[in-house]
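Here the structure is laid out as structure tokens; the discussion comes afterwards.
Chains as they are written, first to last, in this note's numbering: chain W, 96 to 578; chain C, 1318 to 1652.
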């Protein structure tokens, strides 16, 4: 089994060719070098997947997306486009292959820090009022404008000041402490793990973890964009808001810190002058701060919609526009696909420094109840012969079924698919299945149609739960997961 | 008219002097000032001016009590004070708002909210101040908050993130303030690192896998365990409590009785055979798995610990089984 990231840089290349464009610059053997940074500058770099970069802070202070690096400790990064910023100046020791690295003088850290202190002032006020909830901050903007990076900085700063902010990921394009296609809520009370895929940390594992684990609540949407099934996407937002609000009511520390909401770029496009999803999120989470990154038009639209004329009794919404960071880079489709694969691989196999061992097991077709999310956007002609076959069968349980899922029998279509094991029972209504959180994920390593058996990769050993299983076209099948 | 000019000045002076003594939120003093205003409505203009001047000039920490005087007068007396004070309410309110600290701002926002409504228990259904007066202030507040967020100072403010927390953990980079509490937390944090490192070394060859995620109810009931609050939450005496499972001796002192939630889904909704209620689920830090709390397993069945003990004491002659159960489960956990 080859796990990208374990290879030594400059010594071997994965024949499946993860990264052809950068090979020329990577051919030369990497050397240890020292990089000096003056105060308020940042070192920007890109590490391809299947490469590693090691960085050690020699002197001064340095932070990666708001998380401070410990002096003298070696950090290892893979598949990362990042920036190490210093308030006081620093010296870094760097070893490994990087692309496009340079020192940025114009950084937006001051802007992020000011936003943090303004939010923290709002939190201080809530600390003295036993009913007030900390700021509910919605971050919007086009794709690749730095929304998630900003949230990581604001989260890391809040944690540093002893707060416990809750981070809600509404972007199915990439996961947060889980796989792509999931929507999650996680409270952060201790430092983020910058070396983990995504840079947030790790969800619970059965062994010790050098950085405290994070505890996400996970729902599965199974589509890549909100448009593919708006009704389900909206229902999951409502569900997440309910959970987060309930947590606020019971947990003072979490209530005072408020929450950050990350969103996919597509809901900010304002197609047809509509911001349907943003309005839904603002209302469900009682958002009182909207941070617009970049786009001036979006800022004006948000101001018009939310900062004036809020209905009676509603708290006013502050709309703030922050400049897009100079360090922001576009992430092409190849990179995004690798990132999604890395997230799925990370779920089952962990990271090289803390590898995990998943289990494989055989399951009869009859043992597993699979619900495939319907695509309701534009043309719903997603080619799916597996599901079509079943439609010919009379299934009494699917009588009068809503527009959420198709119940499907396992078929070759499931090869390499990711299955979300929900907490709902296989006989629950489709609405209940939709609204149920996820217990975990399994990967279909093999479909044996003759024997009517699936070979599944499971994070935990033991019997496969008989719960309802949700599947969709997202994330796309992952070919080389099993190495 | 010299006849009325004198009392006007006198009343105003009395009122001003009483105001200048008002330094805390004191109900008797505020009532007294309200009575002066109420008994001298013919001098309402002069009194209103004194009040506005005082709110403008007094030190920020005395502004809120003075604003409470304004509130008390307009609610208890009403016209003509609402007219006089309403005229300059925007500048009176916003002038104070920009100078006071966040907590007072919050109190002022609450005050403004009541001015948009009728006086409680009054027959008059109109708001305390006309809505056009309060609306202008509200809009200004939204703007002020937005500006506060948007405000881009030239120099960043890393001080609170760095210098205010000078004591840094060299293993993970976390910082602690140089206070007694900071020292205590750092010590707990370092103990945590030690315990985790020990455990990582011990379990170097152990097979580790990802755990199932917790469910909605457990997530809502879950309280974050950090590397510095372990001692509080797991009640460990030796300071080696851990989010990621430390040697279970840390659990010794804890009178806790939990049973792991069965992995077999069909059994996950089991009821206590005594009270027929379901079990409460929570996440067990050391075992790294969801558990039923207040639960004990006796003869292959799981009971609420309290139900089982109550049933036992009702019989008053504990069966050997229940004695065994107590002895076995009081100490901790059966896995």
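Even glycine gets a Cβ: it sits at the ideal position worked out from N, Cα and C.
Opening and closing residue of the alpha helix (DSSP H) in which residue i lies
i                      : result
residue 1377 (chain C) : 1377 to 1393
residue 328 (chain W)  : 325 to 345
residue 254 (chain W)  : 242 to 255
residue 1405 (chain C) : Counting along the chain, residue 1405 (chain C) falls outside any alpha helix (DSSP H), and DSSP gives it neither H nor E.
residue 133 (chain W)  : Per DSSP, residue 133 (chain W) belongs to no alpha helix (DSSP H) and is neither H nor E.
residue 412 (chain W)  : From DSSP, residue 412 (chain W) is part of no alpha helix (DSSP H); its letter is neither H nor E.
residue 430 (chain W)  : 428 to 444
Member of the options whose CA lies at the smallest distance from the CA of residue i
i                      : options                        : result
residue 577 (chain W)  : W:388, W:332, W:234, W:512     : W:512
residue 1460 (chain C) : C:1491, C:1435, C:1411         : C:1411
residue 424 (chain W)  : W:151, W:164, W:129, W:178     : W:178
residue 1326 (chain C) : C:1360, C:1423, C:1534         : C:1360
residue 1609 (chain C) : C:1617, C:1589, C:1432, C:1439 : C:1589
residue 168 (chain W)  : W:325, W:463, W:158, W:372     : W:158
residue 506 (chain W)  : W:558, W:464, W:314            : W:464
residue 364 (chain W)  : W:207, W:388, W:556, W:351     : W:388
residue 455 (chain W)  : W:555, W:309, W:561, W:129     : W:555
residue 129 (chain W)  : W:135, W:190, W:222, W:176     : W:190
residue 561 (chain W)  : W:541, W:515, W:540, W:253     : W:515
residue 181 (chain W)  : W:420, W:174, W:156            : W:156
residue 452 (chain W)  : C:1621, C:1425, C:1528         : C:1528
residue 1404 (chain C) : C:1500, C:1448, C:1427, C:1540 : C:1448
Own chain partners of residue i with C-beta closer than 6 Å, once the 5 adjacent residues on each side are dropped
i                      : result
residue 1606 (chain C) : 1577
residue 307 (chain W)  : 285
residue 544 (chain W)  : none
residue 472 (chain W)  : 322, 323
residue 382 (chain W)  : 231, 233
residue 486 (chain W)  : Residue placement at residue 486 (chain W) cannot be trusted, given a pLDDT of 43 that sits under 50; what the coordinates show is reported in the next sentence. Hits under 6 Å: none found.
residue 1377 (chain C) : 1416, 1417
First and last residue of the uninterrupted beta strand (DSSP E) at residue i
i                      : result
residue 195 (chain W)  : 194 to 199
residue 1280 (chain C) : Since the first residue of chain C shown is 1318 and the last is 1652, residue 1280 (chain C) is not available in this structure.
residue 379 (chain W)  : Unbroken run through residue 379 (chain W) is the alpha helix (DSSP H), 371 to 379; no beta strand (DSSP E).
Own chain partners of residue i with C-beta closer than 8 Å, once the 5 adjacent residues on each side are dropped
i                      : result
residue 339 (chain W)  : 261, 263, 280, 354, 380
residue 247 (chain W)  : 160, 161, 162, 287, 294, 295
residue 374 (chain W)  : 400
residue 1506 (chain C) : 1486, 1491, 1493, 1544, 1545
residue 290 (chain W)  : 170, 171, 172, 446, 448
residue 1436 (chain C) : 1392, 1395, 1445
residue 1379 (chain C) : 1339, 1340
residue 412 (chain W)  : 377, 382, 383, 384, 385, 401, 402, 405
residue 1335 (chain C) : 1346, 1349, 1350, 1353
Cutoff 7 Å; reference residue i; Cβ partners in own chain excluding five residues on either side
i                      : result
residue 482 (chain W)  : For residue 482 (chain W), the predicted structure reports a pLDDT of 43, less than 50, and the residue's modelled location is therefore unreliable. The matter cannot be settled from this model.
residue 1502 (chain C) : 1493, 1545
residue 1390 (chain C) : 1351, 1354, 1398
residue 1495 (chain C) : 1483, 1484
residue 1432 (chain C) : 1444, 1445, 1446, 1451
residue 570 (chain W)  : 274, 275, 276, 435, 439, 513
residue 1575 (chain C) : 1601, 1608, 1609, 1610, 1612, 1650
Classification of residue i by the beta-carbon crowding that lies within 10 angstroms, buried from 16 upward
i                      : result
residue 582 (chain W)  : Residue 582 (chain W) lies beyond the residue range present for chain W, which begins at 96 and ends at 578; the question has no answer from this structure.
residue 1521 (chain C) : exposed
residue 185 (chain W)  : buried
residue 215 (chain W)  : buried
residue 475 (chain W)  : Unreliable placement is indicated for residue 475 (chain W), whose pLDDT of 39 sits below 50; the coordinate value is still reported in the next sentence. It counts as exposed.
residue 397 (chain W)  : buried
residue 42 (chain W)   : This structure does not reach residue 42 (chain W), given that chain W is present from 96 up to 578, and the question cannot be answered.
residue 318 (chain W)  : buried
residue 1565 (chain C) : Unreliable placement is indicated for residue 1565 (chain C), whose pLDDT of 37 sits below 50; the coordinate value is still reported in the next sentence. It counts as exposed.
residue 326 (chain W)  : exposed
residue 1440 (chain C) : exposed
residue 457 (chain W)  : exposed
residue 154 (chain W)  : exposed
residue 336 (chain W)  : buried
residue 522 (chain W)  : exposed
residue 359 (chain W)  : buried
residue 1344 (chain C) : exposed
Three or more C-beta pairs below 8 Å linking the stretch 328 to 336 of chain W and the stretch 237 to 256 of chain W: no
Three or more C-beta pairs below 8 Å linking the stretch 219 to 230 of chain W and the stretch 342 to 359 of chain W: yes
At least three beta-carbon pairs within less than 8 Å, the stretch 1417 to 1434 of chain C to the stretch 1363 to 1373 of chain C: no
Three CB pairs or more closer than 8 Å across the stretch 441 to 452 of chain W and the stretch 425 to 433 of chain W: no
Cβ pair count under 8 Å reaching 3, the stretch 183 to 201 of chain W against the stretch 135 to 143 of chain W: yes
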